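Following: one structure in structure tokens, then a few remarks.
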Amino acid sequence: MLNRSEVKIEETWNLTDLFKNEQQFEAAMQEVAEEATSIEANFKGKITNSAVAVDVLTLYKNLSEKLVPIGNYSQLSLSVDQTNDTAQMRAAKVGQLYSKISAQLSFITSELLQLDEETLTETKNKALHLSHYIDQLIRKKPYQLHPEVEKALAAFGATFEAPYELYNTTKLVDMKFDNFEVNGKSYPLSYNSFEGDWELESDTDIRRAAFTAFSNKLRDYQHTTAKTYDTHLKIEKTESDLRGFDSVFDSLLFDQQVDRELYNRQIDLITSELAPIMRKYAKLLQKSHGLEKMTFADLKIPLDPTYEPKVSIEESRQYMKDGLSIMGKDYQTMLDRAFDERWIDFAQNIGKSTGAFCSSPYGYHPYVLISWTSRMNEVFVLAHELGHAGHFYLANAEQNIFNARPSLYFIEAPSTMNEMLMANHLLSNSNDARFKRWVISTIIARTYYHNFVTHLLEAAYQRKVYEIIDDGGSVNASILNELKREVLVDFWGDAVEMTEGAELTWMRQPHYYMGLYPYTYSAGLTIATEVSQRILKEGEIAVQDWINVLKAGGTKTPVELAQMAGVDVTTDQPLRNTIQFIGSLVDQLEELTAQLEK
């Protein structure tokens, strides 16, 4: 693995679009600090009528916009190299600034919620662009604490983020992997190389040896990681209790604007009804690879390992443009800009965050992180992240900063939609049986496995953890290992042998530090599957409906956004349709495999 200073500049993103230099960044920090102090001095204790409310919210909105590039610059620079001392200190400094400003300005929410309903209605009428924000504030009123308590909680903001930072430091800075050996040959190992390469390696001896070596290193850090996670859980539970929620589940689902019925249904239905389909897929993998037994370490292997096209970064651009062309000219322009203006960080280097993500700072262009290995399946990963980028590219242009971001429940719909559009395009442009099998197997192994299996099983495990916390309990490494293994065994049954180390996969997922996030992947993909099928049947009308959904940002609930696209997530039908669709894909794989074997 290269150091960050050694990677090609053209494979990195351009953070100078946020700040041209460190001096400009420091000046911006000073400016927002002064503005926050000024707002506090001029308005604290004075929000007594609608005119003052409009004035203070306008200033707060403007300040919020100025804070966006500061936070993103510090976090994005850290995410590409967690070992960088300067980036570490910069992020810590920004965290402290955010906490200080949050504490200073916590009075705004407290005082607004002390106004009577008539005054708040008058405020909304005077500033219609603020009405949605005020409605969301009113929704929080039953759980609002005394102003001084809110100020104290806000002041501890950076401290409350510490578990997530400790998790990343352990994982990306302290955890060093030794090379592993197979048949006398040595192979390099890192977090990114394991998840990007070795997990998908077609040579069984190498793949399983990599899994063992990777798991052994995770095991060395299991107790520290478990204690870090337990601390995070206690913070969430304490705030839930303080605010008067019935449970930590209700607290975490509140901002998502969905109830526990939608949450539980997503986990329960998939766990029970998708499991037989995925076991069938696992058996197909085992047969195709001639494995004596199917283990957890084998689940990510491609169905056809000799048919894995290599794709350069530049070639991936054409795949994006062709596969997502149905989204229209404006979307195509956005895709070109993403490559031409270096919105994407492709490099592989020491200290870089694992996986992939998209950050979409309001008022600026999105940023996408990915570690490019030239595998064709990463075309789908990149399409996924550019789905997030396209979503906020449109939403940020149409909505103000208070209205742009939708519920977490919906956040993965635009990203997984792009994966489905890419698959639809590839399948409709080839009659070659082997290529069709490769595309369908990629949809299963990448799109649905990742979102409907990996993240869903994380959600099932996470629910068990929160049930313990809700009952006043705690967790440690032994408990977390046991819970994770239990979930994996329940889902895979006798079809897959749980390799020693499978239980440690709870250590690999940062989403556990982001509330009830994992289950939303399957929720988003359920919506995306339904809408992508509608696009195949109806074409431009369905596409335009979808673009309007993206532009709506956070102005509607996730149920309303789905309804705009023609999907009713208040019933279990969309989810059952999606599971049935996955089943049909596995059936097609079996038929194509039998055909090719002849």
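Numbering (this note's numbering), first residue to last: 3 to 600. Here a beta-carbon is modelled for each residue, glycine too, at the ideal position from N, C-alpha and C. The structure presented is a predicted model; accordingly, all values stated were derived computationally and were not measured.
Host beta strand (DSSP E) of residue i (start-end)
i, result
"S318", "No beta strand (DSSP E) contains S318, which is instead part of the alpha helix (DSSP H) from 315-325."
"Y189", "187-189"
"E343", "Note, E343: premise wrong, no beta strand (DSSP E); not H, not E."
"V370", "369-371"
"V477", "No beta strand (DSSP E) contains V477, which DSSP labels as neither H nor E."
"E592", "Per DSSP, E592 belongs to no beta strand (DSSP E); it is in the alpha helix (DSSP H), 575-599."
"V175", "It is not in any beta strand (DSSP E) - V175 carries neither H nor E in the DSSP assignment."
"E183", "182-184"
Presumed contact (8 Å Cβ cut-off) between residue i and residue j, rounded CB distance
i, j, result
"N483", "E505", "4 Å"
"A164", "A105", "Between A105 and A164 the Cβ distance is about 17 Å, and since that is not below 8 Å, they are no contact."
"T121", "E152", "With 8 Å as the limit, T121 and E152 do not qualify as a contact, their Cβ atoms being about 20 Å apart."
"G555", "N379", "Contact doesn't hold; Cβ gap of about 30 Å is too wide."
"P144", "S108", "Contact flag wrong, Cβ pair sits at about 17 Å."
"A160", "Y100", "7 Å"
"N194", "Q350", "6 Å"
"K126", "I136", "5 Å"
"I442", "L591", "6 Å"
"H638", "P416", "Since the displayed the chain opens at 3 and closes at 600, residue 638 lies outside it and no answer follows."
"L485", "Y265", "Rounded, the Cβ-Cβ distance is 18 Å, inconsistent with contact."
"N398", "S362", "7 Å"
Alpha-carbon to alpha-carbon, residue j and residue i
i, j, result
"D455", "P520", "In the sequence under discussion, the amino acid at residue 455 is Val, which differs from the Asp named in the question. Approximately 10 Å between the Cα atoms of the pair."
"N64", "W15", "26 Å"
"I269", "E460", "10 Å"
"Y395", "N74", "16 Å"
"L69", "L59", "15 Å"
"A385", "N420", "6 Å"
"H457", "T227", "19 Å"
"D252", "Y514", "16 Å"
"E13", "S376", "13 Å"
"D473", "T123", "40 Å"
"H427", "L326", "8 Å"
"A38", "E241", "25 Å"
"A530", "L20", "32 Å"
"M3", "W440", "30 Å"
"V383", "M566", "26 Å"
"W445", "A43", "The sequence given here has Ile at residue 445, not Trp. Those two C-alpha atoms are separated by around 56 Å."
"V34", "E24", "16 Å"
"T449", "L577", "15 Å"
"Q575", "F583", "12 Å"
"I549", "D332", "11 Å"
"V86", "R92", "Correcting the residue type first, residue 86 is Asn in the shown sequence and not Val. Cα to Cα, N86 sits roughly 10 Å from R92."
"Q50", "H134", "In the sequence as displayed, the identity of residue 50 is Thr instead of Gln. One C-alpha to the other measures close to 20 Å."
"T595", "S432", "17 Å"
"I237", "K173", "21 Å"
Residue i vs residue j beta-carbon contact at 8 Å
i, j, result
"I328", "L423", "yes"
"V381", "Y283", "no"
"S81", "S249", "no"
"L552", "H367", "no"
"P71", "A30", "yes"
"R436", "L287", "no"
"Y369", "E67", "no"
"Q258", "N170", "no"
"K302", "L202", "yes"
"T206", "L168", "no"
"Q224", "M509", "yes"
"E387", "A358", "yes"
"L17", "S79", "yes"
"I471", "K239", "yes"
"Q146", "L117", "no"
"L255", "R262", "yes"
"V96", "G353", "no"
"K48", "V54", "yes"
Residue i, enclosing alpha helix (DSSP H) - first and last residue
i, result
"F216", "206-222"
"S361", "Segment 359-361 is the beta strand (DSSP E) holding S361; no alpha helix (DSSP H) there."
"F454", "Here F454 belongs to no alpha helix (DSSP H), and DSSP marks it neither H nor E."
"V151", "149-157"
"F45", "24-45"
"V298", "Per the sequence shown, the amino acid found at residue 298 is Phe instead of Val. Element bounds for F298: n/a, residue is neither H nor E."
"Q288", "277-291"
Beta carbon proximity, residue i to chain D, threshold 8 Å
i, result
"A30", "The structure shown contains no chain D; it is built from a single protein chain."
Validate contact between the stretch 289-296 and the stretch 450-467 using beta carbons, cut 8 Å, 3 pairs
no
At least 3 beta-carbon pairs within less than 8 Å: the stretch 403-422 vs the stretch 299-311:
no
Check whether the stretch 523-532 and the stretch 566-583 are in contact - that is, three or more C-beta pairs closer than 8 Å.
yes
Give a yes or no on contact between the stretch 177-188 and the stretch 207-221, applying the rule of three or more CB pairs nearer than 8 Å.
yes
contact_flag[the stretch 532-543, the stretch 335-342] where n(CB pairs < 8 Å) is 3 or more:
no
Would you say the stretch 265-281 touches the stretch 487-494, given that touching needs at least three Cβ pairs under 8 Å?
yes
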